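Each number in my numbering comes from the position in the sequence shown (counting from 1) with 101 added on.
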Amino acid sequence: MFTRSKARNSESHRERVAGGYKAALTNPNTTHDGREHAKHELRRMGESTHVPIMTKIKRTIGIRSTPKRKMVLDSERRTRTRTRKGTRRSIL
Numbered sequence: 102m103f104t105r106s107k108a109r110n111s112e113s114h115r116e117r118v119a120g121g122y123k124a125a126l127t128n129p130n131t132t133h134d135g136r137e138h139a140k141h142e143l144r145r146m147g148e149s150t151h152v153p154i155m156t157k158i159k160r161t162i163g164i165r166s167t168p169k170r171k172m173v174l175d176s177e178r179r180t181r182t183r184t185r186k187g188t189r190r191s192i193l
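Rendered as structure tokens:
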């Protein structure tokens, strides 16, 4: 059914795992211990653990790409109403 070889699948899996650890390094919601674990795993895999200085500054100050107020409002809006066949229904 699938034509990809096992070696190609394992390589893409490894790259995705490394990408997840790299994302953990820049995610402001990741704990210090989580970032340390990600660095350890990336070094074990032979990947770079470099985090740009601006990312570190933004994390320290608490600057987000999307303001938290907007994220909360969007989340509330999505959970309160759902669209089904063109009509809006309240979940509550």
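Note that beta-carbon positions come from the ideal geometry of N, C-alpha and C, so glycine has one too. Fair warning: this is a prediction, and the values are worked out from it, not measured in the lab.
Whole angstroms is fine: what's the gap from residue i's alpha carbon to residue j's?
i: Arg165; j: Thr131; result: 13 Å
i: Lys123; j: Ser149; result: 9 Å
i: Thr161; j: Arg181; result: 33 Å
i: Arg179; j: Pro129; result: 23 Å
i: Ala125; j: His114; result: 17 Å
i: His151; j: Thr127; result: 10 Å
i: Gly163; j: Lys171; result: 15 Å
Per DSSP, what kind of secondary structure is residue i in: helix, strand or coil?
i: Ser176; result: helix
i: Ser166; result: coil
i: Val118; result: helix
i: Glu148; result: coil
i: Asn130; result: coil
With three or more C-beta pairs closer than 8 Å as the rule, is the segment 142-162 touching the segment 107-122? yes
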